[in-house]
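Undergrad: Residue numbers are given in the working numbering: position 210 of the sequence shown equals residue 849, and the series is strictly consecutive.
We put the CB at the ideal spot given by N, CA and C, even for glycine.
Here the structure is a predicted model, which means the values were calculated and not measured.
Following this message is one structure expressed as structure tokens.
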Amino acid sequence: MRWDEVVAEARKEGQLNWFNWYFQDRFRQQVKAFELEYGVKVTIPDGSLQANINKLLAEKNRTQGDIDVLSIGADQLDSFDVTKLFWGPLQNRLPDSEKLRFKMAGVDSHGYAVAFWGNQSVIAYNSARLNEADVPRTLDQFERFIQKNPGELAFNVENGGSGPAFIEAITRKLVPDVNYRQGDASPDVLRRLAPAWAWFNKYKGDYVITASNADSITRLNAGEFEISPSWEDFVLGLQHQGEISRDIKFYIPDFGMPGGGNVVAIPANAKHKAAALVFIYWLTRSDTQAHFHQVFGSAPQSKDMNNNISHPSTGLDRAKSLVWAKKPLGDEIRKQFVDNVLMK
């Protein structure tokens, strides 16, 4: 089918359901541009990422499911047989697909899911309380900072990935001889992570555990502490909305922080496949990606754009970005922190 025929079929279908778990209210405003251009109504239901995944799996044997487009973290694709669960490959169906990214965070979607959102975990700091020259960048500097400024570093363990990103970054710095991209979580590998837990236990009384990503940035913004792991897009998005101060700045430390992003895919039993395909084309188009970067702070994923593009307020050195540890090891790092640090 020619692309103009796909667009005509999408207009005939007239609607699609995009199951996207974050920034739902803001995306409902953003997709109005797509609706105006193509005459296709986009519905974004409320729901968490896990609820959306559960729905996808619960409906997979139905003739038609409710999900037309699904957003998911790229690192989670390894959990599924994408060739059975999703329709495609999209790589063969989208115009200019050579400009798109079908591999992200070290995971190959085999053409069934395409990157539309890049994010980077960072160390955020309140510049009203801490000068840029004084932020810790090396592991030694972090140790000195924690010792001299007890209670001024805070991070979450649950309800968001920024704290776990920091835990993983410290672990990888202290235990460099593990192949984190292999994902092996055997007892032997987990035992080798002990130096990381010793480090966190050493400073346990001097850092704060927060409830979530949102809790961390809210309290950092209020001046309760000086530094906290966060997300580039999260901080810039909140600043764009005027919800946090421009005093909140961020950087990637010298030992690196994990970065990745999100992809979109079309379930194999989607009801509105043509509309979904046209929507993904619009979502990944260079002009849309540039707009999302401006509005949300996300890293553009179109290859014909400079993927090192940074918001004027960031100046991030993306060469320090790490690919997340592969599952199950990636999940185990957080669990082992809970067992060996929090529960001690």
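Using only CA atoms, which one of 718, 788, 831 and 857 lies nearest to residue 842?
TA: Comparing Cα-Cα distances from residue 842 to each of 718, 788, 831 and 857, the minimum goes to 788.
Undergrad: Since residue 890 sits in a beta bridge, which residues does DSSP pair it with?
TA: 762
Undergrad: DSSP three-state label for residue 838, please.
TA: helix
Undergrad: For residue 851, which residues from the same chain have a beta carbon less than 8 Å from its beta carbon, with the 5 sequence-adjacent residues on both sides left out?
TA: 795, 797, 798 and 799
Undergrad: Give me the Cα-Cα distance between residue 968 and residue 711, rounded to the nearest whole angstrom.
TA: 19 Å
Undergrad: Could you tell me which of 673, 801, 744 and 793 sits nearest to residue 1017, measuring between CA atoms?
TA: Here the chain comprises residues numbered 640 to 983, so residue 1017 is not present and cannot be evaluated.
Undergrad: Leaving out five residues before and five after residue 910 in sequence, what residues of the same chain have Cβ atoms less than 6 Å from its Cβ?
TA: 703
Undergrad: Excluding the 5 residues flanking residue 768 on each side, which residues of the same chain have their C-beta closer than 7 Å to its C-beta?
TA: 862 and 865
Undergrad: Roughly how many angstroms separate the alpha carbons of residue 675 and residue 668, rounded to a whole number?
TA: 12 Å
Undergrad: Which two residues bound the contiguous beta strand (DSSP E) that contains residue 867?
TA: 866-870
Undergrad: Put residue 784 into one of helix, strand or coil per three-state DSSP.
TA: Residue 784 falls in the helix class under three-state DSSP.
Undergrad: Give the list of continuous beta strand (DSSP E) stretches no shorter than 3 residues that lie fully inside the segment 657-734.
TA: 680-682 and 708-712
Undergrad: Rounded to whole angstroms, what's the CA-CA distance from residue 956 to residue 806? Just pull it up for me.
TA: 20 Å
Undergrad: For the beta strand (DSSP E) containing residue 860, name the first residue and the last one.
TA: Counting along the chain, residue 860 falls outside any beta strand (DSSP E), though it belongs to the alpha helix (DSSP H) covering 852-860.
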